[in-house]
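Comments concern the structure below.
Residue numbers (this note's numbering), protein chains in the order written: chain A, 1 to 361; chain B, 1 to 361.
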């Protein structure tokens, strides 16, 4: 499946295809970029997929260098970004060169930030290896590193030139990571398209069984939905792109108050969806059935909708630090019914507190 | 004089007006941005102009905080950028807030980079206090900090929301800094508009005497020319914006080989113009009169066109590290005649060497 992302001079395509990683060199060459490239990845992913990508680049005539960075969120520091800038300079890369980020969301965020800021912007290609990155993080040009006090505080919008999604690579993910990625898929269905939500529910067994055709169809569908949002609001300047933040306002706060250690991002988003679904119900925006069907699908996919011991005060404080804040007010994306969303600016703090409290078993 | 910069959704205006600094609060308020602001400046500039700006912001209802950074190029480090991000976070600034950079080119570059990367981009206003910054650095959205091995290596394109140019402030500049800024003014005339070049030549005495009407007219004219280039090529994607690099390929290399200490940026650009004028003559692109008139105006404005002891080998090596390099080739902007430019990609290294050698007295 080829998903076009129409953004005028910054347009690009998302290729969702089994085996696509082996074709990255040819597709990159077709863009007419310079012949130097850097592959940013971590040691574990390099062992799994590094050789395929390196061979593909070499066969297409690229001189490429590999920059190994720490695994996971540890890659998103200023120190690692500096290391990358040094390596790019040493390898003689210039503005016509390309950085390829091979890995999960963290590697994409870091590699994208480095690409956005090296010589004021060079070519960037994402090769996402987790479901989370394939359907969400790698599309849309959001790049960032972390500040010691706030995740993703330092970043830039920088659209990729190409996104290569190979559903084959997610078959080797550990079970917990695999399931975590499904939270963003469910999110897309809830706020953007009921028929897609239904499709995910129907395909749940095939998805959990990691059948390639189901993976390609569902992941591709999610990419299509995300692309449609990006096209209409590439830099988060309208309410539309807020839609993709569904489950994330409370989800991020849950992660922040537990040092990003207790839950995976997807698990936190799943809990965030459950809480925000309930919040919509509390303020009379959604009915009980809308809440229940969200929780039911998340549960079927092995994702949490309840938790023990939540630091409710901490979560409420963390919410006020949300990047979406506007002069101190935090907007919530809520779903009045499946396939719809509404941005609500003045949710009473007592309602938010009660919705978070609802999570606790 | 109001100079509009038409860039679609990123359009802004440049206000060139005696006393304009005192009106920054009102003009910022008219943009409808959030009520929090941070003023980035250094101690010396703060003493001269900080109070006027702070009062104007306060009277317009802004809650502002001042972030003091080191003077000159020392502000353009990752450590200083980190300090700014910390301060913004502590002061509770968000994406609707505004950073104002009050100072010369270095402060604008740093403040712009911080604004470009904090929460993936916040509002940015430039309040340039040097001629160099007023006619060149503050317009066009180029932001950057330095890498230990390469100036401006790390940066982003981030257009300001407003540029406030107050010709009054340059009257207090030290003589050397004042004259240095005139090099960019001469550059604009040479590559973009002969009639402006002639106007600068005619107004040279009034300009050197720092007469306000001449300053406003000439600085405003230079802003107009720069804006016309930015409008047609906001992200340096065509040859057009290269035009503004006239004198800079050799100029930057001269600075790099002398640790940015021997010449001011404007002096290095003046020498670069002299060398590149001669390079155009050497390869048969320009006639002798075109070279002579450039050198004559620079000399009348007190800018150098010859130098003693130039490290010619070092300059040639530094040129190959130019950010404009494309897969190893460095393009030169040359002026076939006054008011015109041409980008030449295959200048023989021997000709470049000879042109640099020509500088040596």
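For each residue, glycine too, the CB sits at the ideal point set by N, CA and C.
Computed from a prediction, not measured in an experiment: that's the story for all the values here.
- With its beta carbon less than 7 Å from one in chain A, residue 155/B belongs to the interface.
- Around residue 7/B, the same chain offers 159, 230, 231 and 234 as residues with beta carbons nearer than 8 Å, after the five sequence neighbours per side are excluded.
- Residue state for residue 321/A is assigned as coil, using DSSP reduced to three classes.
- Contact between the region 65 to 82 of chain B and the region 94 to 111 of chain B is present, with at least three C-beta pairs closer than 8 Å.
- Going by beta carbons, residue 122/B and residue 95/B fall inside the 7 Å limit.
- Residue 113/A holds the alpha-carbon nearest to the alpha-carbon of residue 40/A among 113/A, 11/A and 30/A.
- Taking all protein chains shown into account, residue 128/A has 16 or more neighbouring C-beta atoms within 10 Å of its C-beta and is therefore buried.
- Inside the region 194 to 238 of chain A, DSSP marks whole alpha helix (DSSP H) runs of 4 or more residues at positions 194 to 208 and 212 to 232, from first to last along the chain.
- Within the model, the alpha-carbon separation for residue 279/B versus residue 316/B is close to 14 Å.
- Counting along the chain, residue 151/A sits inside the beta strand (DSSP E) bounded by residues 150 to 157.
- Under a criterion of Cβ atoms nearer than 7 Å, no residue of chain A is adjacent to residue 76/B; the nearest Cβ is some 13 Å distant.
- In the displayed model, residue 332/A falls within a strand according to three-state DSSP.
- Judged by DSSP secondary structure, residue 4/A falls within the beta strand (DSSP E) whose first and last residues are 2 to 5.
- When C-beta atoms of the region 182 to 195 of chain B are compared with those of the region 138 to 158 of chain B, fewer than three pairs fall below 8 Å, so the two segments do not count as touching.
- Residues of chain B with a Cβ closer than 8 Å to the Cβ of residue 89/A are, in chain order, 147, 149, 150 and 153.
- As computed with DSSP, residue 64/B is found in a beta bridge with 37/B.
- Taking 7 Å as the upper bound on Cβ-Cβ separation, chain B lies near no residue of the region 298 to 317 of chain A.
- Think of a sphere of 7 Å around the beta carbon of residue 85/A: the chain B residues whose beta carbon falls inside it are 147, 153 and 154, in chain order.
- If you check each beta-carbon in the region 336 to 347 of chain A against every beta-carbon of chain B, none falls closer than 8 Å.
- Annotated three-state conformation of residue 285/A is coil, per DSSP.
- Under the DSSP definition of a beta bridge, residue 99/B partners with 38/B and 124/B.
- Scanning chain A for C-beta atoms nearer than 8 Å to the C-beta of residue 121/B yields 156, 157 and 235, reported in chain order.
- Residue 185/A sits in a helix when the DSSP states are folded into three classes.
- Here the alpha carbon of residue 356/A sits roughly 18 Å from the alpha carbon of residue 290/A.
- Here residue 309/B is exposed, its C-beta having fewer than 16 other C-beta atoms within 10 Å.
- DSSP links residue 145/B through a beta bridge to 154/B.
- For the pair of segments examined, the region 215 to 225 of chain B was found to touch the region 133 to 140 of chain B: the number of CB pairs separated by less than 8 Å reaches three.
- Bounds of the beta strand (DSSP E) holding residue 342/B are 342 to 344.
- Apart from the 5 residues on each side of it in sequence, residue 311/A sits with its Cβ closer than 7 Å to the Cβ of 257 in its chain, given in chain order.
- Collapsing the DSSP output to three states places residue 139/A in coil.
- Here residue 162/B carries a strand assignment [DSSP, helix/strand/coil].
- Under the 10 Å beta carbon count, residue 9/A is surrounded by fewer than 16 other beta carbons and is classified as exposed.
- If you check the CB distance, residue 352/B and residue 306/B do not come in under 7 Å.
- Rounded to whole angstroms, residue 275/A and residue 282/A show a C-alpha spacing of 10 Å.
- For residue 117/B, the secondary structure class from DSSP, reduced to helix, strand or coil, is helix.
- For residue 142/A, the C-beta contacts it makes with chain B under 9 Å involve 120, in order along the chain.
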